[in-house]
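Trainee: My questions all concern the structure below.
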Amino acid sequence: MQQESTDQHEREHLRRREERLASAPPERGAGRTRLRWSRTRPSPPPPLTYVPVGERPLRRLPQLLVGLALYGFSLSVMVRASLGVNPWSVLYEGLENYTSLSFGTISAVLGVLVLLLWIPLKQKPTLGTIANILVLAYSSDLGLSLIPQHFGLPTRAGLLVGGVLLNGLSVAVYVGARFGPGPRDGLMTGASAVTGRSIRLVRTVIEIAVLAVGGLLGGGVGVGTVLYALAVGPVTQFFLPWFAYRSSPAHPLPHGRMPRAGGRRCGRQGPGG
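For the sequence shown, my numbering assigns the number 327 to the initial residue and increments by one for each residue that follows.
Following this line, the structure appears as structure tokens:
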């Protein structure tokens with residue numbers, strides 16, 4: 327009884343914290359433009375902590391799957407643009423030159439290998455982690471089979487811009503479902519927790535290492551790689567308030583448990599898979 331009372335108190339504390347963050351007033355000195363903008367956009371999302379599968383699955387699971395499918399398809403759009411892709415796709419393309427595996431299969435195999443690195447980091451996969459590996463593999467290969475190759479430069483430029491925008495949107499959709507991080511994001515957050523370094527630094531080191539190896543293997547590095555690095559974050563941040571799921575007191579956590587991600591309470595989930 328005492329444990330149940332404690333868990334209920336913690337759940338209520340988490341819910342109130344999310345409500346305070348959602349209803350926080352704009353900073354002073356923001357100006358009329360920011361105040362007017364805040365009336366037309368949803369309020370900022372709560373911290374994107376992991377929410378258990380049992381909480382409103384019919385609301386959240388379709389969002390997760392649609393977001394991951396769009397993410398995989400956006401990767402294939404950028405590949406067909408042939409103007410440079412994101413760092414992990416550079417690695418996938420590079421490995422395609424040395425194996426008979428498809429782009430999507432390589433992404434799935436590397437996803438599983440990255441999960442092995444979670445073991446010393448004491449991270450634990452969630453439904454979102456497994457779905458990330460499987461859905462991305464199928465949707466990216468499907469996109470590559472549907473989108474033809476050898477377009478002219480104007481069409482390729484349009485594909486690149488559209489792919490980056492779609493990628494940022496899809497990240498907001500699947501991350502907002504709050505089913506836990508993908509393999510690569512879990513590696514980032516786990517390494518940050520173990521080393522004590524900032525997520526920004528750890529993410530940068532991982533992305534540079536992956537990009538360097540992929541480039542050496544012949545992956546597509548170009549203007550698209552730079553555009554992705556500069557634009558995907560702002561695009562994701564723009565769309566995230568519309569898709570971030572907010573925990574509801576009407577749907578309590580199963581068995582009186584607090585949410586866990588990666589074996590820790592309230593683990594954060596970052597974008598990028």
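Just so you know, even glycine gets a beta-carbon here, dropped at the ideal spot from N, CA and C.
With H, G and I counted as helix, E and B as strand and the rest as coil, what does DSSP make of Thr521?
Mentor: Annotated three-state conformation of Thr521 is helix, per DSSP.
Trainee: Classify Thr425 as helix, strand or coil using the three-state DSSP reduction.
Mentor: coil
Trainee: Strictly under 7 angstroms for the Cβ-Cβ distance: is Leu396 near chain D by that measure?
Mentor: Looking for chain D here will not work: only one protein chain is present.
Trainee: What does the alpha-carbon distance come out to for the pair Ser466 and Ser402?
Mentor: 5 angstroms
Trainee: Quick check on DSSP: helix, strand or coil for Thr452?
Mentor: coil
Trainee: At 4 residues or longer, what runs of the alpha helix (DSSP H) sit wholly inside the segment 466-523?
Mentor: 479-502 and 509-521
Trainee: Drop a sphere of 10 angstroms on the beta-carbon of Ile445, count the other beta-carbons inside from all chains shown, and report buried for 16 or more, exposed for fewer.
Mentor: Exposed: under 16 other Cβ atoms inside 10 Å.
Trainee: Using the rule of at least 16 other Cβ atoms within 10 Å of the residue's Cβ for burial, across every protein chain shown, is Trp568 buried or exposed?
Mentor: exposed
Trainee: How about Leu543 and Gly420: are their beta carbons less than 7 angstroms apart?
Mentor: yes
Trainee: Starting from the N-terminal side, write out each stretch of the alpha helix (DSSP H) that is 4 residues or longer and does not extend beyond the segment 374-425.
Mentor: 383-407 and 413-422
Trainee: For Ile532 and Leu470, I'd like the C-alpha separation in whole angstroms.
Mentor: Rounded to the nearest whole angstrom, the C-alpha separation of Ile532 and Leu470 is 26 angstroms.
Trainee: Go through its chain and collect everything with a Cβ distance to Ala457's Cβ below 8 angstroms, but skip five positions before and after it.
Mentor: Leu390, Leu391, Leu394 and Phe505
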